[in-house]
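*Asks:* Residue numbers (my numbering): 43 to 327.
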Ligand SMILES: [Zn+2]
């Protein structure tokens, strides 16, 4: 299904994620240094930005797993990843939807499985400006703990470019309206690679903001944005990140993940990171 079978319907006319509607991170100053104690330059909320905007920023929130796929399962309380991440995602949706200029959606809002490509498809169909997948980590050693954040890696980028080009002849809109079938395939490949490169570059900047917010409420498992070949991060034109909130395999973090308080903190941290990425103030608490 989805990308693999080439059924993805082109929905977005923009070539690159940075062909923006709003202040994009790429046009902003550098992302914050993670866990830095230095004061960050205070960005003043520009009223004109929201007035000029004609459509809300669409944030697609993806609670990992679901249905027959429980995800990781906690050792101590048998907490299921699919339940915890759905709670966090719902809080995040509610918080973002309270804000003017944002429209938050979920790839699933109940306990059912959605295929990975379908999640990407949903984001593209909704013309999402940002995609965030929410997970809880697990490792064989119970000592592993902390939050981490991933964007797509080079390997995922290259293989995705190939797949999109090979199986989506009607994705011409992705490369600025150029008709892939009649133009040089090599140019199409270069443009597709550029789109993915811009996506990952934007995602890394948003990701750094989110990771910085997470560092205020939890320790970080890895202090830098990491890269991995995750299928849900493969929209060529939507900045996409995957957050590992904490470790269900760590007894203390499992306990915290079950609490409404910590779920709320996670949701607000992710939300504030997104807000900062779009040049807004962090107002969620
Ligand atoms: Zn997961």
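Here a beta-carbon is modelled for each residue, glycine too, at the ideal position from N, C-alpha and C.
The model shown is predicted, which means the values in this text are computed figures rather than measured ones.
Count the other C-beta atoms from every protein chain shown that fall within 10 angstroms of the C-beta of residue 164, then say buried if there are 16 or more, exposed otherwise.
*Replies:* On the chain shown, residue 164 is found 122 positions in, with the first residue counted as 1. Buried: at least 16 other Cβ atoms inside 10 Å.
*Asks:* Please state the DSSP three-state secondary structure of residue 59.
*Replies:* Looking up residue 59 in the chain shown gives position 17. Summary for residue 59: the model assigns pLDDT 44, below 50, so the residue's position carries little reliability, and this model does not support an answer.
*Asks:* Under DSSP, the beta strand (DSSP E) around residue 145 begins and ends at which residues?
*Replies:* For the purposes of this step, residue 145 is taken as the residue at position 103 of the chain shown. Unbroken beta strand (DSSP E) run through residue 145: 144 to 148.
*Asks:* Could you tell me if the beta carbon of residue 108 falls within a distance shorter than 7 Å of some heavy atom in ligand 1?
*Replies:* On the chain shown, residue 108 is found 66 positions in, with the first residue counted as 1. Result no, Cβ not under 7 Å from ligand 1.
*Asks:* Verify the contact flag: residue 113, CB atom, against every heavy atom of ligand 1, threshold strictly below 7 Å.
*Replies:* Residue 113 sits at position 71 when you count from the first residue of the chain shown. Yes, since a heavy atom of ligand 1 falls inside the 7 Å radius drawn around the Cβ of residue 113.
*Asks:* Any chance the CB of residue 263 is under 7 Å from a heavy atom of ligand 1?
*Replies:* Stepping through the chain shown from its first residue, residue 263 is reached at position 221. Residue 263: no, Cβ never under 7 Å from ligand 1.
*Asks:* For residue 123 versus residue 290, is the C-beta spacing smaller than 8 Å?
*Replies:* The count along the chain shown starts at 1 and reaches residue 123 at position 81. The count along the chain shown starts at 1 and reaches residue 290 at position 248. For residue 123 and residue 290, yes; Cβs fall inside 8 Å.
*Asks:* Is it a yes or a no for the region 281 to 295 touching the region 159 to 177, going by three-plus beta-carbon pairs under 8 Å?
*Replies:* Yes: at least three Cβ pairs fall under 8 Å.
*Asks:* Please report the residue range of the alpha helix (DSSP H) in which residue 39 lies.
*Replies:* With the chain covering 43 to 327 only, the question about residue 39 has no answer from this structure.
*Asks:* Classify residue 261 as helix, strand or coil using the three-state DSSP reduction.
*Replies:* Sequence index remark: in the chain shown, residue 261 carries index 219 (1-based). In the structure shown, residue 261 sits in coil (DSSP, three-state: anything other than H, G, I, E or B).
*Asks:* For residue 154, which residues of its own chain have a beta-carbon under 7 Å away from its beta-carbon, when the five flanking residues on both sides are left out?
*Replies:* Translated into the one-based positions of the chain shown, residue 154 becomes position 112. Excluding sequence neighbours, residue 154 sits near 108 and 109.
*Asks:* Could you tell me which of 162, 233 and 97 sits nearest to residue 105, measuring between CA atoms?
*Replies:* The count along the chain shown starts at 1 and reaches residue 105 at position 63. Taking only the C-alpha atoms, the option nearest residue 105 is 162.
*Asks:* Taking 7 Å as the cut-off, is the beta-carbon of residue 123 closer than that to any non-hydrogen atom of ligand 1?
*Replies:* Position 81 of the chain shown, counted from the start, is the residue given in the question as residue 123. Correct: residue 123 has its Cβ closer than 7 Å to ligand 1.
*Asks:* Under the three-state reduction of DSSP, which class applies to residue 81: helix, strand or coil?
*Replies:* Taking the first residue of the chain shown as position 1, residue 81 is located at position 39. Any reading at residue 81 is ruled out, since the residue's pLDDT is 44, under 50, leaving its predicted position unreliable.
*Asks:* In angstroms, rounded to a whole number, what distance separates the CA positions of residue 323 and residue 137?
*Replies:* Numbered from its first residue, the chain shown carries residue 323 at position 281. Numbered from its first residue, the chain shown carries residue 137 at position 95. When rounded, the distance between both Cα atoms is 14 Å.
*Asks:* What are the complete alpha helix (DSSP H) segments, minimum 4 residues, inside the region 223 to 300?
*Replies:* If we require 4 residues or more, the alpha helix (DSSP H) runs fully inside the region 223 to 300 come out as 227 to 259 and 293 to 299.
*Asks:* Quick one: using the 10 Å Cβ neighbour count with 16 as the cut-off for buried, is residue 157 buried or exposed?
*Replies:* As a working mapping, residue 157 is identified with position 115 in the chain shown. Flag for residue 157 reads exposed.
*Asks:* Whole angstroms is fine: what's the gap from residue 233's alpha carbon to residue 297's?
*Replies:* One-based indexing of the chain shown puts residue 233 at position 191. One-based indexing of the chain shown puts residue 297 at position 255. Cα-Cα distance, rounded: 46 Å.
*Asks:* Roughly how many angstroms separate the alpha carbons of residue 316 and residue 200, rounded to a whole number?
*Replies:* Position 274 of the chain shown, counting from 1, holds the residue named residue 316. Position 158 of the chain shown, counting from 1, holds the residue named residue 200. Going from the Cα of residue 316 to the Cα of residue 200 covers about 26 Å.
*Asks:* With a threshold of 7 Å on Cβ separation, who are the neighbours of residue 197 within its own chain once the five nearest residues in sequence on each side are excluded?
*Replies:* Sequence index remark: in the chain shown, residue 197 carries index 155 (1-based). The residues are 271.
*Asks:* Over the uninterrupted alpha helix (DSSP H) stretch that includes residue 158, give me the two end residues.
*Replies:* For the purposes of this step, residue 158 is taken as residue 116 along the chain shown, with counting starting at 1. Counting along the chain, the alpha helix (DSSP H) containing residue 158 begins and ends at 158 to 167.
*Asks:* Just checking my contact of residue 194 with residue 269 at CB under 8 Å: how many whole Å lie between their CB atoms?
*Replies:* By one-based count along the chain shown, residue 194 stands at place 152. By one-based count along the chain shown, residue 269 stands at place 227. Indeed, because the Cβ distance is near 7 Å, the residues count as touching under 8 Å.
*Asks:* Please list, in chain order, all residues of the same chain as residue 325 whose beta carbon is under 8 Å from its beta carbon, the five residues on each side excluded.
*Replies:* Within the chain shown, residue 325 is the residue found at index 283, counting from 1. For residue 325, where only same-chain residues beyond five positions count, the Cβ hits under 8 Å are 141, 314 and 317.
*Asks:* If you measure between the beta carbons of residue 306 and residue 101, is that distance less than 8 Å?
*Replies:* Taking the first residue of the chain shown as position 1, residue 306 is located at position 264. Taking the first residue of the chain shown as position 1, residue 101 is located at position 59. For residue 306 and residue 101, no; Cβs fall outside 8 Å.
*Asks:* Count the other C-beta atoms from every protein chain shown that fall within 10 angstroms of the C-beta of residue 258, then say buried if there are 16 or more, exposed otherwise.
*Replies:* Start at 1 with the first residue of the chain shown, and residue 258 comes out as number 216. Looking at its Cβ environment, which holds fewer than 16 other Cβ atoms inside 10 Å, residue 258 is exposed.
*Asks:* Tell me where the alpha helix (DSSP H) around residue 311 begins and ends.
*Replies:* Working through the chain shown from its first residue, we reach residue 311 at position 269. Unbroken alpha helix (DSSP H) run through residue 311: 302 to 319.
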